[in-house]
Amino acid sequence: MRFSVLPTDTAFYDMFGRSADHLVTGARLLTEMLDSGNDRAATARKIKDVEHDCDDVTHEIVRRVNSTFVTPFDREDIYQLTSRLDDVMDNMEAAADYIHLYDIRELPPGVPDQVEVLRHAADLTAAAMPKLRGMRDLEEYWIEVNRLENVGDDIYRKSLANLFSGEYDTLTVMRLRDVVEELEAAVDSFEKVANIVEQIALKES
Amino acid sequence: MRFSVLPTDTAFYDMFGRSADHLVTGARLLTEMLDSGNDRAATARKIKDVEHDCDDVTHEIVRRVNSTFVTPFDREDIYQLTSRLDDVMDNMEAAADYIHLYDIRELPPGVPDQVEVLRHAADLTAAAMPKLRGMRDLEEYWIEVNRLENVGDDIYRKSLANLFSGEYDTLTVMRLRDVVEELEAAVDSFEKVANIVEQIALKES
Amino acid sequence: MRFSVLPTDTAFYDMFGRSADHLVTGARLLTEMLDSGNDRAATARKIKDVEHDCDDVTHEIVRRVNSTFVTPFDREDIYQLTSRLDDVMDNMEAAADYIHLYDIRELPPGVPDQVEVLRHAADLTAAAMPKLRGMRDLEEYWIEVNRLENVGDDIYRKSLANLFSGEYDTLTVMRLRDVVEELEAAVDSFEKVANIVEQIALKES
């Protein structure tokens, strides 16, 4: 634990929390989007809005990190953490956007499982952010997210093999693949968030 | 504004200017490449040469940042700015290379619009570089590039939907898609350049 | 050459060496995988294991960089070098994984040439790592890797043109392309390793 005679700026913790909360909302909207009865154009727009809100938090953090004298942990780590949180949102938004843009009616069997992994990872991440303040009880979080990334990887690989099995026509393979890959990228981005948190926690301990 | 008793190395401003000027040349050559009567092999070679020149400037900047005592702004920011400028050139060169390599005769309707966005963004970027010296009048630049990125995004999304509309055979979709995606990546890279400039300007203000 | 009154932690050199040795093993396994009589599932599993070993070294380096007072060169450079070495392994593992996952029987003519380039680059990189200690005789290494990257680029471009020549059905093009692109990404990652080594050597000279 680092001691300082200067008060550190604790607003960062709130901002990381807000950023992660946007990911929870994004993952929930992705789940809604899978519903066959869902108005996909409307849901894609909502996810776009959440992505803009997430961008705003990211900009806020970058501005504050540049104008604050004593940050709670290394500037570079703050920058990395906020960028990686933003990446998750970008990947989820891109997946939703492809579903809407390509007007995909039927999604392959692995997609709901990928989105389930994302919901779980988002919840874990949002629950971990407030713990950054005390830098404790975070280990379970990053271990569990790394485990989820392995689960997601298996689902992704099976989906890909299924897509190329000959069941779908080629243009459909190309379209579905974009969705499946962006969801996989979102899972990977959650792991990168967890890796940064682990790195920060190890430095500060 | 930061004050220093040591003279900072002002050669950096010239080098950023030269890097951005290469982007203007690259974007102009991309426009030529769209002309049906154009010798595409020759133009692709010219773009490759400009890309090498841009690489040289990047290496020059990296060497100088490592051997200079007082840099005009943070070493990390100099490194980021030069890398992102280089990324734009790499994306434009890759797009030209795909057009030549796949021997694409007919480009989809959105492509000239994407290249037009790139030309505009390149001009704005080249005009902004000399203003880094005084760190003023840059806001309009990054706002306008962010606006252009949104315009480019719309064009890209429409192009993608058009490619998958069934009008093209699948191998053609795959080829054209590579071109459309590299052009979109170039527009995104211009936005990243603008974001770094914004970040530098905010720090120094 | 930087002088220091504090002893620097020399374990880093060993760890970089071990990381590069994993790349040599990975490239050799990729060559085995191309053998038509090879048990590809088993070889893909072995490459996965090597990739995990490489991850372990990466984590070890990151932990040590955060807990060591005097590092042999800039923390950021250590981090960059280890990350780029890790990227090579990730690309090679992904290529092997695609070959196995898609159950690809016949690989296009350029693939053995790409793997040959990777073997050569891996050997050069492993031979260069111990020289980081004295920071000398490294120039030949990075010049040669940059040359190899150009060779790899030519092979990659010819492979891509061949894939789209009409000889293969579209799903096959998509599958083979994934392999060809990951191998090309591995070659590019080797070049990035060499660029970081060059940058470190220039700083320290």
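Residue numbers (this note's numbering), protein chains in the order written: chain W, 27 to 231; chain A, 27 to 231; chain D, 27 to 231. Beta carbons: idealized from backbone N, C-alpha and C, even for Gly. Quick caveat: nothing in here was measured; it's all calculated off a predicted structure.
Problem set entry | Which of helix, strand or coil DSSP assigns to A:Asp65 | A:Asp65: coil per DSSP, three-state reduction.
Exercise. Taking A:Val114 as the reference, which of A:Arg183, A:Leu49 and A:Thr94 has the closest Cα?
Worked result: Per the Cα distances, A:Leu49.
Exercise. Can you name the residues of chain W whose CB is closer than 7 angstroms to the CB of D:Tyr128?
Worked result: Taking a Cβ-Cβ cut-off of 7 angstroms, the neighbours of D:Tyr128 in chain W comprise Phe190, given in sequence order.
For this session: Determine contact between the region 101–118 of chain A and the region 86–93 of chain A, defined as no fewer than three beta-carbon pairs at a distance below 8 angstroms.
Result: Yes: the two stretches touch, three or more of their Cβ pairs being nearer than 8 angstroms.
Exercise. In its own chain, which residues sit with a C-beta less than 7 angstroms from the C-beta of W:Asp204, not counting the 5 before and 5 after it?
Worked result: For W:Asp204, same chain residues with a beta-carbon under 7 angstroms away, outside a window of 5 residues either side, are Tyr124 in chain order.
Problem set entry | Length of the line joining the Cα atoms of W:Asp81 and D:Asn172 | When only Cα atoms are considered, W:Asp81 and D:Asn172 end up about 38 angstroms apart.
Problem set entry | Whole-Å CB distance - W:Ile130 paired with W:Arg201, under 8 angstroms assumed | In this structure W:Ile130 touches W:Arg201 by the C-beta definition: roughly 6 angstroms separates them, less than 8 angstroms.
Exercise. Of all the CB atoms in chain W, is at least one closer than 7 angstroms to the CB of A:Leu197?
Worked result: The C-beta of A:Leu197 comes no closer than 7 angstroms to any C-beta of chain W.
Exercise. Can you find a CB in chain D that lies within less than 7 angstroms of the CB of W:Met27?
Worked result: Below a pLDDT of 50, predicted positions are generally treated as unreliable, and W:Met27, at 43, falls in that range; no measurement from the model is reported.
Exercise. First and last residue of the alpha helix (DSSP H) that includes D:Glu102?
Worked result: From DSSP, the alpha helix (DSSP H) with D:Glu102 extends over Arg101 to Leu127.
Exercise. Given 8 angstroms as the limit, is there contact between the region 141–152 of chain A and the region 174–188 of chain A, that is, 3 or more CB pairs closer than that?
Worked result: Contact between the region 141–152 of chain A and the region 174–188 of chain A is present, because at least three Cβ pairs lie under 8 angstroms.
Exercise. Which bits of chain C does D:Asn92 rub up against, with CB to CB less than 9 angstroms?
Worked result: Considering every chain present, this structure includes no chain C. Its protein chains are W, A and D.
Exercise. What three-state label does DSSP hand W:Phe190 in the structure shown?
Worked result: Three-state result, W:Phe190: coil.
Exercise. By Cβ distance below 8 angstroms, which residues in the same chain neighbour W:Ser185 in space, the five residues on each side in sequence not counted?
Worked result: For W:Ser185, where only same-chain residues beyond five positions count, the Cβ hits under 8 angstroms are Pro134, Pro135, Gly136, Val137, Gln140 and Val206.
For this session: Closer than 6 angstroms by C-beta to D:Glu210: which residues in its own chain qualify, once you throw out the five before and the five after it? Chain order, please.
Result: Closer than 6 angstroms at Cβ, skipping near neighbours: Tyr182.
Problem set entry | Distance between A:Leu60 and A:Glu193 (C-alpha atoms, nearest Å) | In a straight line, the C-alpha of A:Glu193 is about 21 angstroms away from that of A:Leu60.
Exercise. For chain W, is any of its Cβ atoms less than 7 angstroms away from the one on D:Ser30?
Worked result: With a pLDDT of 48 at D:Ser30, under the threshold of 50, the modelled position of this residue cannot be trusted, and the question is left open.
Exercise. Interface residues of chain D around A:Val88 at Cβ under 7 angstroms?
Worked result: Chain D residues near A:Val88: Gln225.
Problem set entry | Short CB-CB distance (under 7 angstroms) between D:Ala70 and chain A | Among the CB atoms of chain A, none fall inside 7 angstroms of the CB of D:Ala70.
Problem set entry | Whole runs of the alpha helix (DSSP H) within the region 47–98 of chain A, excluding any shorter than 4 residues | 66–93, all fully within the region 47–98 of chain A.
Exercise. Applying a beta-carbon distance threshold of less than 7 angstroms, which residues of chain A neighbour W:Met41?
Worked result: Near W:Met41 there are no residues of chain A at all, since even the closest Cβ is about 16 angstroms away, more than 7 angstroms.
For this session: Give every residue of the same chain whose Cβ lies closer than 8 angstroms to the Cβ of W:Ala153, excluding the five residues on either side of it in the sequence, and list them in chain order.
Result: Tyr167.
Exercise. So, W:Thr196 versus A:Thr196, is the Cβ gap smaller than 7 angstroms?
Worked result: Contact check for W:Thr196 against A:Thr196 passes: the beta carbons are separated by less than 7 angstroms.
Exercise. Where does W:Ala220 land, buried or exposed, given buried means 16+ other C-beta within 10 angstroms?
Worked result: With 16 or more other Cβ atoms from the protein chains shown falling within 10 Å of its own Cβ, W:Ala220 counts as buried.
Problem set entry | Residue burial classification, W:Leu228 (beta-carbon count within 10 angstroms, cutoff 16) | When all chains shown are included, W:Leu228 counts as exposed.
For this session: Kindly say whether A:Ala46, judged by its beta-carbon, lies nearer than 7 angstroms to any beta-carbon of chain W.
Result: With 7 angstroms as the cut-off, A:Ala46 does not count as an interface residue toward chain W.
Exercise. Checking contacts by CB at 7 angstroms: is W:Ala220 closer than that to chain D?
Worked result: So no, W:Ala220 is outside the interface.
Exercise. Based on Cα-Cα distance, which residue from W:Asp75, W:Phe38, W:Phe216 and W:Glu142 lies nearest to W:Glu119?
Worked result: With distances taken between Cα atoms, W:Glu119 lies closest to W:Asp75.
Problem set entry | Reduced DSSP secondary structure (H/G/I, E/B, other) of D:Asp236 | Residue 236 of chain D lies beyond the range of chain D shown here (27 to 231); nothing can be said about it.
For this session: Give a yes or no on whether the C-beta atoms belonging to D:Glu58 and D:Thr69 are separated by under 7 angstroms.
Result: In contact: D:Glu58 and D:Thr69 (Cβ atoms closer than 7 angstroms).
Problem set entry | Residue burial classification, W:Arg162 (beta-carbon count within 10 angstroms, cutoff 16) | Residue environment: W:Arg162 is assigned as exposed (fewer than 16 neighbouring CB atoms within 10 Å of its CB, all protein chains considered).
Exercise. Residues in its own chain within less than 7 angstroms of W:Pro156 by CB, not counting five upstream and five downstream?
Worked result: Once the five neighbours on either side are set aside, the close Cβ partners of W:Pro156 are Tyr39 and Gly43.
For this session: Determine the DSSP secondary structure at A:Leu133, reduced to helix, strand or coil.
Result: Coil at A:Leu133, not helix or strand.
Exercise. When the cut-off is 7 angstroms and only beta carbons count, does W:Ala37 lie next to chain D?
Worked result: No, because no Cβ of chain D sits closer than 7 angstroms to the Cβ of W:Ala37.
Exercise. Can you tell me the Cα-Cα spacing of W:Thr84 and W:Arg110, whole angstroms?
Worked result: Going by the C-alpha atoms only, they are around 10 angstroms apart.
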